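Chain order of the listed sequences is A and B.
If you read the first sequence in my numbering, its first letter stands for residue 1, the second for the next number, and so on.
If you read the second sequence in my numbering, its first letter stands for residue 342, the second for the next number, and so on.
The C-beta atom is built at its ideal place from N, Cα and C for all residues, glycine as well.
In this text the structure is predicted, and so the values were computed from the model without any measurement.
Data first, discussion second: the structure below is written as structure tokens.
2 protein chains.
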Amino acid sequence: MKPVTLKEIAEKLDISITTVSKALKDYKDVSPKTKALVKELATTLNYRPNAFAVNLRTKESKTIGLIIPEVVHHFFSSVIKGILNQAEKKGYLVIILQSNESYELEKKQIELLLNKNVDGVLISLANETADFKHINKFLSNDKPLVMFDKIAKLVNCSKVIIDDRKAAYTATKHLIETGCKNIAHFRGPLLPQNSIDRFLGYKKALEDYNLKYDPSLVFICENTSFEDGSKFAAEIVKNHPNVDGIFINTDMVAIGAITQLRSLGIDVPNQISVVGFSNWFMSSAITPSLTTINQPGYEMGKESFKRLYKELNAIKKKKPLSTKTITLETSLVKRNSTKNN
Amino acid sequence: MKPVTLKEIAEKLDISITTVSKALKDYKDVSPKTKALVKELATTLNYRPNAFAVNLRTKESKTIGLIIPEVVHHFFSSVIKGILNQAEKKGYLVIILQSNESYELEKKQIELLLNKNVDGVLISLANETADFKHINKFLSNDKPLVMFDKIAKLVNCSKVIIDDRKAAYTATKHLIETGCKNIAHFRGPLLPQNSIDRFLGYKKALEDYNLKYDPSLVFICENTSFEDGSKFAAEIVKNHPNVDGIFINTDMVAIGAITQLRSLGIDVPNQISVVGFSNWFMSSAITPSLTTINQPGYEMGKESFKRLYKELNAIKKKKPLSTKTITLETSLVKRNSTKNN
């Protein structure tokens with residue numbers, strides 16, 4: 001069954017298309033009797049106003065774009081869920097795009113979303129992204145964009161983040177306070193701000209507690225994968241026998257490391273203690289359970305949408321728009337991969 | 342900077358709006374010189390055709406809807422990734438919605454997508470869904486819809502599935518062949534077809550190998566969660582000491598079960614063997630690693646989009662449309678939660 005048009009309704013009732021259109025919109029110059037007839041027939045025939053024509057009038061698409069570096073990722077899944085939940089409540093639809101951590105793809109996707117005339121964009125930047133012209137171009141169209149998790153300090157837009165440096169400091173301090181003296185760090189790639197900040201928090205804690213910072217104990221996880229953790233844990237055991245603690249950028253990598261350490265016969269936490277980052281639910285399921293930093297993904301998604309929504313409404317009402325950086329709280333979750341202090 | 346309009350370009354060049362529009366579309370009745378002028382200015386001023394107006398002409402939105410029961414789920418994340426990858430290649434955007442396993446929400450979302458005028462829909466049904474009027478209504482608009490994973494046999498549309506019954510049969514048969522005689526089943530909720538089929542495959546294997554089917558050994562996991570697995574594993578140990586094998590509907594539940602069994606001092610696989618379903622990557626990381634059925638999520642997403650794309654093109658060319666059910670291959674992945682045979 002093809003959707004019925006205004007014309008067909010008009011023909012069936014032998015009145016003009018204009019009258020049908022006015023009747024459906026409750027114009028005063030159409031008689032109540034005609035209105036009732038038109039509305040009844042429209043319901044019977046399952047009439048549906050053309051979405052594009054409606055959009056052309058209101059200039060709002062009630063759609064936002066969401067660019068995520070990697071969909072198969074527990075943290076980002078939680079963020080997506082938080083966003084979808086809020087969007088649902090406010091009647092917005094979400095177009096989702098995966099940048100695969102590629103700058104080129106991200107640039108193309110921003111362009112696509114502009115052409116699609118979305119009302120706004122939520123984005124976590126790709127690891128590769130070091131140039132922000134595409135983001136600034138989007139913002140120059142008087143459309144709001146909110147960054148979350150992986151952000152660019154240099155772009156003037158709202159951001160929802162955690163204090164990565166502080167959280168990493170807390171994680172490293174916990175290793176120190178439970179007796180570790182030679183602490184390695186498995187860090188994320190070089191470009192993302194959160195991976196830089198976690199590294200800096202680690203380094204600062206060592207300095208504050210008078211432990212020597214040794215660059216040869218910092219390993220870069222290019223894929224932040226289970227395999228990265230497994231590989232570098234083996235390297236630690238082989239080449240750095242004095243290491244007694246590791247602060248790891250992401251739980252997934254930490255689980256890879258713990259699995260490897262145990263298979264090499266290392267006692268976790270007594271020989272080597274491990275702290276992860278994100279509090280992925282699997283962290284409590286592995287043996288030993290993983291001490292980690294709780295990173296609130298769902299809440300991050302929720303707050304990001306809420307901020308975008310506020311800005312969308314400000315633009316609609318032509319109110320002045322100021323950007324804001326929202327920092328969500330993190331906490332240390334103590335489990336069995338570190339010693340009791 | 343507001344986007345520039347055709348009118349502004351026309352005014353700046355002192356020509357008519359129609360001429361500008363025709364120039365941009367390379368109409369023959371506009372001189373090459375005017376065309377060059379218009380195009381250059383349009384590029385300089387960052388002209389962007391109004392997406393809605395374009396849509397109104399072509400009646401195609403180049404957008405599809407995707408309804409997923411639960412976003413925070415490794416299998417569905419992989420499906421989403423497969424869909425986004427293909428959509429990207431074919432220039433389609435994907436609006437993602439999460440039904441939260443709710444029939445009411447799913448119904449509302451189908452309606453939303455119809456009003457949004459998406460070109461087609463990909464859907465995995467909510468566990469609650471037992472009535473398909475909303476799906477049939479969507480299909481009656483001459484728009485294609487492809488179901489994947491959780492499908493309805495009664496709806497006449499294309500489907501991308503695995504042979505759940507056969508896969509469950511293989512899993513149960515493996516437990517039997519490695520010596521298990523009292524095999525329990527942790528099944529999914531009652532309504533979804535895949536959960537029914539996995540249960541039937543389990544039952545058939547018992548029958549074929551002359552093992553008694555005992556309904557008290559079938560446990561329904563309402564949330565298919567880690568906690569479900571943990572809870573029922575404890576119940577097995579407490580109330581069914583003769584159970585020596587469990588076939589479990591989903592890896593997540595199986596990991597919960599194994600974690601609980603080990604904490605209760607049960608030797609997996611020698612006292613109780615466990616087979617999961619999905620081959621989530623964590624299955625190879627836990628101790629003991631989990632024997633499971635490999636369920637191709639990424640491929641399922643890819644094939645679902647490909648089928649939808651085929652149907653979208655058939656409709657565009659007004660070709661007759663037949664529906665198709667695509668069954669993807671599964672396989673048994675033997676690891677350490679079952680005995681060697």
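Tell me whether N583/B is buried or exposed, calling it buried when 16 or more other Cβ atoms sit within 10 Å of its Cβ. Along the second sequence, one-based indexing puts residue 583/B at 242. Label assigned to N583/B: exposed.
Determine the chain B residues that contact Q98/A at a beta-carbon separation under 9 Å, and present them in chain order. Locating residue 98/A in the first sequence gives position 98, counting from the first residue. Correct list: I421, K422, L425, N426 and E429.
Name the two residues that bound the continuous beta strand (DSSP E) containing R187/A. To locate residue 187/A, count along the first sequence from 1; it is residue 187. I183 to R187 is the extent of the beta strand (DSSP E) around R187/A.
Quick check on F427/A - is its C-beta less than 9 Å from some C-beta in chain B? For chain A, the structure presents residues 1 to 341; residue 427/A sits outside this window and is missing.
Beta-carbon neighbours of L463/B, restricted to chain A and to distances below 9 Å: Your numbering for residue 463/B matches position 122 in the second sequence. Within 9 Å Cβ-Cβ: nothing; L463/B doesn't reach chain A, min ~12 Å.
Should R457/B be flagged as near chain A, meaning a C-beta pair shorter than 9 Å? Taking the first residue of the second sequence as 1, we reach residue 457/B at position 116. Checking the displayed sequence, the identity of residue 457/B turns out to be Lys instead of Arg. Yes, contact with chain A.
Could you tell me which uninterrupted alpha helix (DSSP H) segments, each at least 4 residues in length, are contained entirely in the segment 500-583 of chain B, listed from first to last along the chain? 505-518, 534-549 and 567-580
For S619/B, which residues in chain A fall below 8 Å Cβ to Cβ? Counting from one through the second sequence, the residue named residue 619/B turns up at place 278. Ordered by position in chain A, no residue passes the 8 Å Cβ test against S619/B, which lies about 13 Å from the chain.
Please classify N270/A: is it buried, with 16 or more other beta-carbons within 10 angstroms of its beta-carbon, or exposed? Along the first sequence, one-based indexing puts residue 270/A at 270. Exposed: under 16 other Cβ atoms inside 10 Å.
Show which residues of chain B have a CB atom less than 7 Å away from the CB atom of S304/A. Sequence index remark: in the first sequence, residue 304/A carries index 304 (1-based). Here the premise fails: no neighbours, minimum Cβ distance about 15 Å.
For Q636/B, which residues of its own chain have a beta-carbon under 8 Å away from its beta-carbon, when the five flanking residues on both sides are left out? On the second sequence, position 295 is the one that residue 636/B refers to. Within the same chain, Q636/B has close Cβ partners F416, I503, A508, F618, S619, N620 and T671.
Look at the alpha carbon of H134/A and the alpha carbon of E452/B, and state the distance between them as a whole number of angstroms. Reading the first sequence from its first residue, position 134 is the one you call residue 134/A. Reading the second sequence from its first residue, position 111 is the one you call residue 452/B. Going from the Cα of H134/A to the Cα of E452/B covers about 34 Å.
My output table needs one value for Q98/A: the three-state DSSP class, helix, strand or coil. For the purposes of this step, residue 98/A is taken as the residue at position 98 of the first sequence. In this structure, Q98/A counts as strand in the three-state DSSP scheme.
Below 9 Å between beta carbons: does that hold for K491/B and N477/B? The sequence position of residue 491/B within the second sequence is 150, counting from 1. The sequence position of residue 477/B within the second sequence is 136, counting from 1. No; because the gap between Cβ atoms is not below 9 Å, this pair is not in contact.
Taking DSSP as the reference, what is the three-state secondary structure of S273/A? Looking up residue 273/A in the first sequence gives position 273. In the three-state reduction of the DSSP assignment, S273/A falls in the strand class.
So is D483/B buried or exposed if we call it buried at 16+ other beta carbons inside 10 Å? Numbered from its first residue, the second sequence carries residue 483/B at position 142. Counting Cβ neighbours within 10 Å, D483/B comes out exposed, since fewer than 16 surround it.
Which residues of the segment 282-295 of chain A have a Cβ closer than 8 Å to any Cβ of chain B? Give them in chain order. Those residues of the segment 282-295 of chain A that come within reach of chain B (Cβ to Cβ, closer than 8 Å) are M282, A285, I286 and T287.
Consider the Cβ of I596/B: report whether some Cβ of chain A lies at a distance smaller than 9 Å. Mapped onto the second sequence, residue 596/B falls at position 255. Answer yes: the Cβ-Cβ gap between I596/B and chain A drops below 9 Å somewhere.
Reference F342/A, options C180/A, D208/A and I220/A, closest by Cα: Residue 342/A lies beyond the stretch modelled for chain A, which goes from 1 to 341, so this question has no answer here.
Per DSSP, which residues does L463/B bridge with? Please list them. By one-based count along the second sequence, residue 463/B stands at place 122. L463/B is bridged to L407/B and V487/B.
Any chain B beta carbon closer than 9 Å to R198/A: Along the first sequence, read from residue 1 onward, the residue named residue 198/A stands at position 198. Output row for R198/A: interface = no.
Boundaries of the beta strand (DSSP E) in which G245/A is found, first to last residue: For the purposes of this step, residue 245/A is taken as residue 245 along the first sequence, with counting starting at 1. It spans G245 to I248 - the beta strand (DSSP E) in which G245/A sits, taken as one unbroken run.
Where L354/B falls: helix, strand or coil (DSSP): Taking the first residue of the second sequence as 1, we reach residue 354/B at position 13. Looking at L354/B - three-state DSSP - the assignment turns out to be helix.
Indicate the three-state DSSP secondary structure (helix, strand or coil) for N313/A in the structure shown. Reading the first sequence from its first residue, position 313 is the one you call residue 313/A. Helix.
Rounding to the nearest angstrom, what Cα-Cα distance links Y27/A and K12/A in this structure? As a working mapping, residue 27/A is identified with position 27 in the first sequence. As a working mapping, residue 12/A is identified with position 12 in the first sequence. Their backbone Cα atoms lie some 20 Å apart in a straight line.
Any C-beta of chain A within less than 7 Å: which residues of the segment 364-390 of chain B qualify? R389
Taking only three categories from DSSP, how would you classify T633/B? Counting from one through the second sequence, the residue named residue 633/B turns up at place 292. In the structure shown, T633/B sits in a strand (DSSP, three-state: E or B).
Run down chain B in chain order and give the residues with a C-beta less than 8 Å from the C-beta of I95/A. In the first sequence, the residue the question calls residue 95/A occupies position 95. In chain order: T404, L434, V435, I436 and I437.
Go ahead and pull the three-state DSSP assignment for S372/B. Here residue 372/B is taken as the residue at index 31 of the second sequence, counted from 1. DSSP places S372/B in coil when its eight states are reduced to three.
Can you tell me whether L434/B is buried or exposed? The criterion is at least 16 other CB atoms within 10 Å of its CB, across all chains shown. Looking up residue 434/B in the second sequence gives position 93. Counting Cβ neighbours within 10 Å, L434/B comes out buried, since at least 16 surround it.
Sort out for me which residues DSSP pairs S418/B with in a bridge. Taking the second sequence and counting its residues from 1, one reaches residue 418/B at position 77. Note: S418/B sits in no beta bridge, so no partner.
9 Å Cβ cutoff met for V487/B and T404/B: Start at 1 with the first residue of the second sequence, and residue 487/B comes out as number 146. Start at 1 with the first residue of the second sequence, and residue 404/B comes out as number 63. No, they are not a contact pair.
Chain A residues whose Cβ lies nearer than 7 Å to that of T600/B: Stepping through the second sequence from its first residue, residue 600/B is reached at position 259. By Cβ distance, chain A contributes A285.
Let me see if you follow: with CB-CB separation under 9 Å, is R262/A close to chain B or not? As a first step, residue 262/A is located in the first sequence; it is residue number 262 there, counting from the start. Closer than 9 Å: yes.
At least one CB of chain B closer than 9 Å to the CB of T5/A: is that the case? Position 5 of the first sequence, counting from 1, holds the residue named residue 5/A. Cβ-Cβ to chain B under 9 Å: no for T5/A.
Coil, strand or helix - T330/A by DSSP: Stepping through the first sequence from its first residue, residue 330/A is reached at position 330. Correct three-state label for T330/A: coil.
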